[in-house]
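All remarks here apply to the structure that follows.
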Amino acid sequence: MKGNRWLRSTVGLFVLALLWEIPGAYGDEAVQTSPAVRRAEQAMEALQQRLQARLRTALEEKGPAGAVSVCRMEAKELARAVSNEAGFELGRTSHKLRNPANAPRAWVIPYLERAAGQSASSVRQVVVDLGDRIGVLRPIATAGPCLICHGAPESFDPALRDELAKLYPADRATGFREGEFRGFFWAEVPKPK
């Protein structure tokens, strides 16, 4: 009985410490399901679907080395198009970047650091108060097809290795395993007035 109380107290303090560690993180269910958060979720889902469809087509038509150009040239344009449609900024980022243009915003960094190396299923969506905006982070899981370009480099097709070395000499976005946390889709939605 005494041990259970100690365990509950310890776990409770640990949870409070985690919430205290990153200011602005919402745990409130009302905020998690607010219209602004739902808009962010819909836009991030649209971006993910468009990007996956485009990558699937590029892989079928051009192979892995050709698909790299889709991520390099078209992913930002897809994000910009969805952002324009939604009326707020969104994109992708990771703790292991390939494209420096996807560098995390300052408010995202603590969440990336905490999630790095975890299984994607253990990383939850995060909602953050950014003052005049609400920040939303949706975890990206490394799926089987992602490993073609983001798995173990020694398993890469030689043409892909050459293309990555040419386009991304500082590439860090390799070595992922299926199911591992890959990064976040992020959105910054204006708060309702």
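The numbering of the sequence shown is this note's numbering, which starts it at 33 and goes up by one.
Note that the Cβ used here is the ideal one computed from N, Cα and C, for glycine as well.
Being a predicted model, the structure only gives us computed values, none of them experimental.
Between K223, D189, A205, which lies nearest to N134 when the distance is taken from Cα to Cα? A205
Looking at the unbroken alpha helix (DSSP H) that takes in R124, where does it start and where does it end? No alpha helix (DSSP H) holds R124; the beta strand (DSSP E) holding it covers 121-125.
Return helix, strand or coil for L91, following the three-state DSSP convention. helix
If I follow the unbroken beta strand (DSSP E) through R170, where does it start and stop? 165-173
Proximity below 9 angstroms, CB of F213 to CB of L122: Against a cut-off of 9 angstroms, the Cβ pair of L122 and F213 comes out as no contact.
Environment of S126 [buried if 16+ CB atoms lie within 10 Å]: buried
Would you decide whether M76 is buried or exposed? Buried here means 16 or more other CB atoms lie within 10 Å of its CB. buried
Between the segment 145-157 and the segment 106-118, can you find at least three pairs of beta-carbon atoms closer than 8 angstroms? no
Under the three-state reduction of DSSP, which class applies to S101: helix, strand or coil? Looking at S101 - three-state DSSP - the assignment turns out to be helix.
If you draw a straight line from the C-alpha of V168 to the C-alpha of A118, how long is it? One C-alpha to the other measures close to 14 angstroms.
How big is the Cα-Cα spacing for A202 and K225? 43 angstroms
At what residues does the beta strand (DSSP E) containing A219 begin and finish? 213-222
Cβ-based neighbour list, V69, same chain, cut-off 8 angstroms, excluding 5 preceding and 5 following: V63, V159, I166, V168, V221
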